[in-house]
Amino acid sequence: MCLNACRLLHLIQTLGIVYRNGTEEFSEMRYITFKISEDTFEISKGGSVYDKAVGSDSFPDPVWLVEVGGYRQTDCELYELDGSIAEYLTLGAKITVSDESEDGNLA
Numbered sequence: 019m020c021l022n023a024c025r026l027l028h029l030i031q032t033l034g035i036v037y038r039n040g041t042e043e044f045s046e047m048r049y050i051t052f053k054i055s056e057d058t059f060e061i062s063k064g065g066s067v068y069d070k071a072v073g074s075d076s077f078p079d080p081v082w083l084v085e086v087g088g089y090r091q092t093d094c095e096l097y098e099l100d101g102s103i104a105e106y107l108t109l110g111a112k113i114t115v116s117d118e119s120e121d122g123n124l125a
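Residue numbers for the sequence shown follow my numbering, beginning at 19 and rising by one.
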């Protein structure tokens, strides 16, 4: 069983959902990221806004993080994820997958 779980951790380290919308005058971006490593599981949300007249600003929402050693930061309201994910995907969000492991091999 660990072989399959360890292989999963190696293959999919970061999964993200990114929604972008706007024009040259005003744009916004929202994201939800699921990050898995050998010792942590983290869910983060946030985004950024750009207004040509004012500039840009980015913001993180509260994080949900659990570490193997017992540390927990569970400020993110997990029940909100379902609605946010569905909304972003309906609006045309992209799903991204990246592997940040040492060999970077997704295959």
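Built from N, CA and C at the ideal position, the CB exists for glycine as well.
Kindly indicate which residue of the options has the alpha-carbon position closest to the one of residue i.
i	options	result
D75	V84, L83, G65	G65
K70	L107, D57, E46, I50	E46
F52	A104, E105, L99	L99
Q16	E85, G88, F59, F44	For the chain, the structure presents residues 19 to 125; residue 16 sits outside this window and is missing.
G101	E43, I50, L33	I50
P80	V72, I61, E56	I61
W82	D57, T92, G88	T92
E42	E85, F77, S55, V67	V67
R48	A104, E118, E85, G73	A104
E95	S119, K63, G87, G88	K63
V86	V115, I54, G34	I54
D57	L33, R90, G34	R90
Which residues share a DSSP beta bridge with residue i?
i	result
E42	BP columns for E42 are empty, so no partner.
In three-state terms, what does DSSP make of residue i?
i	result
S119	coil
Q31	coil
Q: Just list the beta strand (DSSP E) runs in the region 49-114, keeping only unbroken ones of 3 residues or longer that don't cross its boundaries, in chain order.
A: 58-69, 73-78, 82-85, 90-92
Q: Indicate whether the contact test is met: 3 or more Cβ pairs, each with one atom in the region 31-42 and one in the region 95-112, closer than 8 angstroms.
A: With a cut-off of 8 angstroms, the region 95-112 and the region 31-42 count as touching, because enough Cβ pairs lie within range.
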